Amino acid sequence: MTLFTPVVSDLNPEQRAAVEHPGGPLLVIAGAGSGKTRVLTARIARLLASGVDPRAVLAFTFTNRAAREMRERIERAVGAAAARALWVGTFHATGVRILRQEAARVGLPRDFAIYDREDQEGVVRDIARRLALPEAGYRPALLLDRISDAKSALVSPAEFERLAPSPFERRVAEVYGLYEAELRASGALDFDDLIARVVALMRDDPEAGARWSRRFAHVLVDEYQDTNHAQFRMVQALAAGHGNLFVVGDDDQSIYGWRGADLSNVLDFERAFPGAALVRLEQNYRSSGNILRAANAVIANNRARKGKNLWSEREDGARLRFALAADEADEARRIRRFLDARAAAGGRYDEAAVLYRTNAQSRALESELRGAGIPFEIVGGVAFYQRREVKDLVAYLRAVVNPADAAAFWRIWNLPRRGLGDAVRARVEARAAAERPVLAPRAALAALVREGALTRAAAAGATDLLALLAELEGMRAGPVEELFARLLERTRYLESLDEEAESAAERRANVEELAAALATVSAREAAGEAEAPGDRLAAFLADAALATDADRLEEGADRVLLLTAHNAKGLEFAAVVIAGLEEGLMPHASALESDSELEEERRLFYVALTRARDEVLLTAAAYRRRFAPGGGMVASGARISRFVDEIPAGLLDRERPAGARPTGRSGDGDGRSPGATAGSRGATHAAVGRVVYHEQFGRGLVLEAEEGSGGLKCTVRFASGVKRVLGRFLSPGGHDDPA
DNA sequence: TGCGTTGACCCTGGA
DNA sequence: GGTCAACGCA
Numbered sequence: 050m051t052l053f054t055p056v057v058s059d060l061n062p063e064q065r066a067a068v069e070h071p072g073g074p075l076l077v078i079a080g081a082g083s084g085k086t087r088v089l090t091a092r093i094a095r096l097l098a099s100g101v102d103p104r105a106v107l108a109f110t111f112t113n114r115a116a117r118e119m120r121e122r123i124e125r126a127v128g129a130a131a132a133r134a135l136w137v138g139t140f141h142a143t144g145v146r147i148l149r150q151e152a153a154r155v156g157l158p159r160d161f162a163i164y165d166r167e168d169q170e171g172v173v174r175d176i177a178r179r180l181a182l183p184e185a186g187y188r189p190a191l192l193l194d195r196i197s198d199a200k201s202a203l204v205s206p207a208e209f210e211r212l213a214p215s216p217f218e219r220r221v222a223e224v225y226g227l228y229e230a231e232l233r234a235s236g237a238l239d240f241d242d243l244i245a246r247v248v249a250l251m252r253d254d255p256e257a258g259a260r261w262s263r264r265f266a267h268v269l270v271d272e273y274q275d276t277n278h279a280q281f282r283m284v285q286a287l288a289a290g291h292g293n294l295f296v297v298g299d300d301d302q303s304i305y306g307w308r309g310a311d312l313s314n315v316l317d318f319e320r321a322f323p324g325a326a327l328v329r330l331e332q333n334y335r336s337s338g339n340i341l342r343a344a345n346a347v348i349a350n351n352r353a354r355k356g357k358n359l360w361s362e363r364e365d366g367a368r369l370r371f372a373l374a375a376d377e378a379d380e381a382r383r384i385r386r387f388l389d390a391r392a393a394a395g396g397r398y399d400e401a402a403v404l405y406r407t408n409a410q411s412r413a414l415e416s417e418l419r420g421a422g423i424p425f426e427i428v429g430g431v432a433f434y435q436r437r438e439v440k441d442l443v444a445y446l447r448a449v450v451n452p453a454d455a456a457a458f459w460r461i462w463n464l465p466r467r468g469l470g471d472a473v474r475a476r477v478e479a480r481a482a483a484e485r486p487v488l489a490p491r492a493a494l495a496a497l498v499r500e501g502a503l504t505r506a507a508a509a510g511a512t513d514l515l516a517l518l519a520e521l522e523g524m525r526a527g528p529v530e531e532l533f534a535r536l537l538e539r540t541r542y543l544e545s546l547d548e549e550a551e552s553a554a555e556r557r558a559n560v561e562e563l564a565a566a567l568a569t570v571s572a573r574e575a576a577g578e579a580e581a582p583g584d585r586l587a588a589f590l591a592d593a594a595l596a597t598d599a600d601r602l603e604e605g606a607d608r609v610l611l612l613t614a615h616n617a618k619g620l621e622f623a624a625v626v627i628a629g630l631e632e633g634l635m636p637h638a639s640a641l642e643s644d645s646e647l648e649e650e651r652r653l654f655y656v657a658l659t660r661a662r663d664e665v666l667l668t669a670a671a672y673r674r675r676f677a678p679g680g681g682m683v684a685s686g687a688r689i690s691r692f693v694d695e696i697p698a699g700l701l702d703r704e705r706p707a708g709a710r711p712t713g714r715s716g717d718g719d720g721r722s723p724g725a726t727a728g729s730r731g732a733t734h735a736a737v738g739r740v741v742y743h744e745q746f747g748r749g750l751v752l753e754a755e756e757g758s759g760g761l762k763c764t765v766r767f768a769s770g771v772k773r774v775l776g777r778f779l780s781p782g783g784h785d786d787p788a
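Now the structure itself:
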């Protein structure tokens, strides 16, 4: 393949060693900006060039967008036919693909539903209600987090119960068991199942295990540092037959520990795969010398790392800049001015991005940029398929594809209004539970209608619903567009949008976008790409369930991107603004108590910094308005993030705030503590992240500080527990490091 | 009995 | 600013 040769000659020696690795397990430690995507694609291209069947190559990417881009690159190198035959996708998408093929063996309907977070919470909420769990302490989200943790560690409800040390844990185990039963009855899997069920299949079914471990000749994994235990097991099982496992990762960029990512997958790779080779990519091709030095200095503060030193042939470039703003509006203004200045100098907007820790921070930026007429796009927040109107219509499609899908059914059963409410729902659930196996709600409703057990009004509504679903089911074999058009017509969905004021136009546009997305499925079908006729809807729904907002990013539009640091992973920009660099925000308050979580926050900051090629602006706000417990907005002050101070002084220009009150400079009294001056009554030492002393409770760490009617109210972690105390009862607690 | 309204509580990140 | 349960009206 001559197409491919020039690619290899462009590689540095380490990159080439990875690409030309003869076989067997290989761990590539790829620092930020070291060209790992090139290495991965070159590796695949080389495998294909050397005669490996593209159908026998499986590559895991972190996002659907990364999968699409990788496929496109490979297509340019080796042609469309081979690129299409590759298995490239996220763990979840690959899990769906395998499980759809194995549905019968796994005991699933072929078109199983995929429950998203909202569906999951609905299930858990119902269970909690049934068990009469007190709301406080048993929030659905909390229960679900525990269940998800268990699943990504491959712990079953029975095992969970056996290991449960406390009454709370035993309750979780009980909910977990009921949750699993509910999903089974609904023919549904959640995100964690998409991985765990593949592992279980290969472990428990020797024939399937052998077949899939031979199915591929090469397995490749990108962003390996963010795989969890279940994903590790899936990789291990799929590579067991041949041992050709090529993983690329960077321990310094592991930022999904909260989602179960297990860094030991990287650190113990050589133990898990004996004879593994190791290649390090340490030459950075992205960032200027100053940015790279800053990033290296920051990450050097972490202890849990393999250790590496990125170097670059690039010039030093401009120094990084830090600006302390008075509040979040002032911060947004400064960022806007920075963007203005770049534009005035001829820079494109799409070469810049604003990164932040929490999605809520986008609001102030949004209004400032909108007011200034700077084009921007927010990535994240409410993703397209999570919007109400889109979810409503997708729920109809789900109900058509999978009649057992309870979450979808309950979403649409009274939409539009059919006079069906809680009372009827209770009867449906009772009817469903009266049979073994338990009936799907839709079947139970049909039974109630048949038995004449409903009031006239409820029966009329139910009949209308069941007839609509039956009619749509009858259209499944035809074009998806026709089915969708009929759905809109019969539900009068667009008309119902008009009734609700200003957002109607936007919602209507979203419905149209959904229609357009469905049309592309039909087009793919026409081009012979779908697996089998009639599957197009199910395939579309699986894609929709796994789609993220970041996947929709397209090149070419000239706008500034606003996104979380998590979402920025894998991207790069000429100029990067990192906003909200305050203790309690970045690092986030929830991480201040644990060394390992704090190190993860530092890695997140490192990831953010290393997105930049030429220019970095760091910002913080002395006061930030936040929603607080107790209700309403309060101003809360904080210290400047420790991460800013970890950047060597010579690399960083600090700007004074317009009012020039807090200096934000290290070393001059409490100047590092802008929040310290929050209001006249504020105790200067009681800022987030500070160690303080309390007469009664002793030494503690301030987790939160906010201005209340009685002065500065602080949430402080003492040895005896977390307490809420007034700032004036606190005194300085000595050095910053709570032993 | 359904439905609209009110009030309590929440909020890190995301496949 | 958003969600959800409780409440009271039609």
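At position 296 of the first sequence (counting the first as 1) the number is 345 in our numbering, and the numbers step up by one without a gap.
Yeah, the Cβ is synthetic: ideal placement off N, Cα and C, and Gly gets one too.
Just so we're clear, the structure is a prediction, and the values are computed from it rather than from any experiment.
Integer-rounded CB distance, given that residue j should sit under 8 Å from residue i
i	j	result
glycine 274	valine 315	Strictly speaking, residue 274 in this sequence is glutamine, with glycine absent from that position. About 5 Å separates the two Cβ atoms, so the contact holds.
alanine 378	alanine 413	6 Å
leucine 287	leucine 107	7 Å
leucine 515	valine 498	7 Å
valine 270	threonine 276	7 Å
arginine 382	glutamate 415	The pair is not a contact, with the Cβ atoms about 13 Å apart (cut-off 8 Å).
leucine 312	serine 83	Their Cβ separation, rounded to whole angstroms, is 19 Å, which puts leucine 312 and serine 83 out of contact at 8 Å.
glutamine 169	aspartate 239	6 Å
alanine 568	glutamate 531	Wrong, their Cβ atoms sit about 11 Å apart, outside the cutoff.
asparagine 559	glutamate 438	5 Å
serine 235	alanine 455	4 Å
glutamine 33	isoleucine 244	In the structure as shown, the chain begins at 50 and stops at 788. Residue 33 is therefore absent and cannot be evaluated.
Within 9 Å, strictly: CB atoms of residue i and residue j
i	j	result
alanine 116	aspartate 299	no
leucine 192	alanine 177	yes
arginine 397	aspartate 607	yes
valine 625	glutamate 664	yes
threonine 668	alanine 344	no
threonine 86	phenylalanine 109	no
alanine 66	valine 328	yes
leucine 653	histidine 615	yes
arginine 447	alanine 432	no
phenylalanine 371	leucine 701	yes
glutamine 435	aspartate 165	yes
leucine 89	phenylalanine 295	yes
Residue i, enclosing beta strand (DSSP E) - first and last residue
i	result
glutamate 704	701-704
phenylalanine 622	622-627
glutamate 664	661-670
histidine 278	Counting along the chain, histidine 278 falls outside any beta strand (DSSP E), though it belongs to the alpha helix (DSSP H) covering 278-288.
arginine 335	No beta strand (DSSP E) holds arginine 335; DSSP gives it neither H nor E.
leucine 243	Where leucine 243 is concerned, there is no enclosing beta strand (DSSP E), although the alpha helix (DSSP H) it sits in stretches over 240-253.
arginine 329	326-330
Start and end residues, alpha helix (DSSP H) containing residue i
i	result
tyrosine 164	Here tyrosine 164 belongs to no alpha helix (DSSP H); instead the beta strand (DSSP E) covers 162-164.
leucine 612	From DSSP, leucine 612 is part of no alpha helix (DSSP H) but of the beta strand (DSSP E) over 609-613.
isoleucine 384	377-393
glutamate 210	206-212
isoleucine 78	Per DSSP, isoleucine 78 belongs to no alpha helix (DSSP H); it is in the beta strand (DSSP E), 75-79.
aspartate 592	585-595
alanine 374	Not the alpha helix (DSSP H): alanine 374 falls in the beta strand (DSSP E), residues 369-374.
leucine 647	644-658
valine 268	It is not in any alpha helix (DSSP H) - valine 268 instead sits in the beta strand (DSSP E) that spans 267-270.
Notebook entry, point to check: Can you list, in chain order, the stretches of the beta strand (DSSP E) that have 3 or more residues and sit fully within the stretch 442-470?
Noted result: Counting whole runs of 3 or more residues, the stretch 442-470 contains no beta strand (DSSP E) stretch at all.
Next item on the list: Say whether the stretch 332-342 touches the stretch 631-640, bearing in mind that this needs 3 or more beta-carbon pairs closer than 8 Å, one atom from each stretch.
Entry: no
Next item on the list: Please confirm if the stretch 135-144 is in contact with the stretch 214-221, defined as three or more CB-CB distances below 8 Å between the two stretches.
Entry: no
Item checked: Within the stretch 82-140, ranges of the beta strand (DSSP E) (whole runs, at least 3 residues) -> Along the length of the stretch 82-140, whole beta strand (DSSP E) runs at least 3 residues long occupy 106-110, 136-139, reported in chain order.
Note to self: Within 8 Å, do at least three Cβ pairs link the stretch 622-633 to the stretch 686-702?
What the structure shows: yes
Check: At a cut of 8 Å, does the stretch 502-513 reach the stretch 398-411 through at least three beta carbon pairs?
Finding: no
Note to self: Suppose only complete runs of 4+ residues qualify. What are the alpha helix (DSSP H) ranges in the stretch 406-443, listed by chain order?
What the structure shows: 411-421
Next item on the list: Flag this pair as touching only if the stretch 555-570 and the stretch 438-452 have three or more C-beta atom pairs under 8 Å; answer yes or no.
Entry: The answer is yes - the stretch 438-452 touches the stretch 555-570, with three or more Cβ pairs under 8 Å.
Note to self: Please give the ranges of any alpha helix (DSSP H) in the stretch 160-202, keeping only runs that are unbroken, at least 4 residues long and fully inside the region.
What the structure shows: 166-179, 189-201
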